[in-house]
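Before any comments, here is the structure.
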Amino acid sequence: MGTVVQSISCLSWRKNSQIVTSQSAGEKAQSRIRASAGSTQKWCCTVENEEFSGLMNRRAAVASGVALVSSAVFGFPGDGLAVVKQGLLAGRIPGLSEPDEQGWRTYRRPDEKSGGHGVGWSPIIPYLFSVPQDWEEVPVSIADLGGTEIDLRFASPKEGRIFVIVAPVLRFADDLGDNATIEQIGTPEKVINAFGPEVIGENVEGKVLSAEVAEHSGRKYYQFELEPPHVLITATAAGNRLYLFSVTGNGLQWKKHYKDLKRIADSFRVV
Numbered sequence: 001m002g003t004v005v006q007s008i009s010c011l012s013w014r015k016n017s018q019i020v021t022s023q024s025a026g027e028k029a030q031s032r033i034r035a036s037a038g039s040t041q042k043w044c045c046t047v048e049n050e051e052f053s054g055l056m057n058r059r060a061a062v063a064s065g066v067a068l069v070s071s072a073v074f075g076f077p078g079d080g081l082a083v084v085k086q087g088l089l090a091g092r093i094p095g096l097s098e099p100d101e102q103g104w105r106t107y108r109r110p111d112e113k114s115g116g117h118g119v120g121w122s123p124i125i126p127y128l129f130s131v132p133q134d135w136e137e138v139p140v141s142i143a144d145l146g147g148t149e150i151d152l153r154f155a156s157p158k159e160g161r162i163f164v165i166v167a168p169v170l171r172f173a174d175d176l177g178d179n180a181t182i183e184q185i186g187t188p189e190k191v192i193n194a195f196g197p198e199v200i201g202e203n204v205e206g207k208v209l210s211a212e213v214a215e216h217s218g219r220k221y222y223q224f225e226l227e228p229p230h231v232l233i234t235a236t237a238a239g240n241r242l243y244l245f246s247v248t249g250n251g252l253q254w255k256k257h258y259k260d261l262k263r264i265a266d267s268f269r270v271v
């Protein structure tokens with residue numbers, strides 16, 4: 001039981017630069033990333049309380065290009081995404097703890113939660129993270145335009161936004177089994193190049209400011225910071241799922257609340 005954080009040399013991944021990472025032979029597991037070049041999974045905010053015609057127009061706009069995907073993912077409360085107060089809603093099970101002495105609460109994914117995944121998903125190993133007191137869960141349903149792999153959204157009008165993607169590892173390789181590790185899926189460079197565009201809506205080349213490999217209780221986590229659009233991404237794997245934890249804010253939020261946003265990103269764990 002412990003925590004190890006390993007910085008990766010050459011943290012700013014620029015054109016013609018190389019990644020230097022200190023890994024044991026066991027960590028260099030074979031991996032095959034199945035990611036079509038230029039493909040971008042569109043993670044968009046849930047649209048509610050719109051008239052049918054308005055909803056269809058928005059869906060058409062989403063389909064028109066990546067620019068709208070980025071604005072939807074990196075929009076903030078007030079931009080058509082309603083933050084809901086903690087409480088029992090249809091299909092939603094609260095997972096937030098009471099505030100600690102610093103005013104932070106811990107979210108643990110409830111075992112009974114189905115999220116937006118619908119019927120047919122095998123059980124998901126729970127995850128947890130900590131947020132300041134004013135952060136609240138945002139509804140996610142099977143109709144979420146971002147797709148069924150978005151498991152959770154959180155938001156704070158003051159500080160920023162969180163979303164969690166839980167995707168089957170079979171989407172990336174067919175030989176990882178039911179106890180996959182992030183190392184088997186790929187190196188930090190391969191993982192961010194494959195999945196970063198799904199988070200920010202554009203190619204990540206030249207945008208990765210830093211990368212670290214952390215180990216908590218024997219599980220490896222890849223941690224990335226990307227320049228504008230500002231985002232912190234934590235990636236890991238457990239069971240037969242890949243987990244992507246994204247924390248983002250607009251320019252002002254990033255400047256004023258970076259310390260809290262980084263603390264949120266660093267708190268992510270798969271139980």
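Here the sequence shown is numbered in UniProt numbering, starting from 1 and rising by one per residue. Here a beta-carbon is modelled for each residue, glycine too, at the ideal position from N, C-alpha and C. In this text the structure is predicted, and so the values were computed from the model without any measurement.
Contact under 9 Å by Cβ, residue i with residue j
i	j	result
A238	A180	yes
V166	R241	yes
V231	P126	no
R105	E98	yes
L152	E136	no
H257	G160	yes
Residue i, DSSP secondary structure in three states
i	result
D266	helix
K220	strand
Q253	helix
R109	coil
A238	strand
P188	helix
F172	coil
G196	helix
I182	helix
D260	helix
I125	coil
D134	coil
V140	coil
V271	coil
R59	Note that R59 scores 40 on pLDDT, short of 50, meaning its location in the model is unreliable; the coordinates nonetheless yield the value given after this. Three-state result, R59: helix.
E205	coil
G160	strand
E227	coil
D100	coil
E149	coil
Through-space distance from residue j to residue i, alpha-carbon basis
i	j	result
P139	A155	10 Å
K190	G95	32 Å
K158	V247	13 Å
L261	A214	17 Å
L226	V208	5 Å
A265	F245	7 Å
S267	G201	24 Å
L252	E101	27 Å
W254	A194	25 Å
L176	A235	16 Å
N250	L128	24 Å
S217	R269	9 Å
D178	K259	36 Å
V204	R219	25 Å
Q133	P110	19 Å
residue 340	T187	This structure cannot settle anything about residue 340, because the visible part of the chain is limited to 1 through 271.
S141	R171	21 Å
P228	V199	12 Å
R263	S122	30 Å
S36	I124	Note that S36 scores a pLDDT of 39, beneath 50, so its modelled location is shaky and nothing firm can be said.
Beta-carbon separation (whole angstroms), residue i vs residue j, contact threshold 8 Å
i	j	result
V169	I185	7 Å
I162	G196	At roughly 17 Å, the Cβ-Cβ gap does not stay under 8 Å, so I162 and G196 are not in contact.
V131	Y243	Their Cβ separation, rounded to whole angstroms, is 17 Å, which puts V131 and Y243 out of contact at 8 Å.
Y221	A211	Actually they do not touch by this definition, with Cβ atoms about 11 Å apart.
I182	F224	Not confirmed; about 12 Å, so no contact.
Check: residue i C-beta below 8 Å from any heavy atom of the ligand HEM
i	result
A214	Annotation note on the ligand HEM: not contained in the displayed structure, which lists no ligands.
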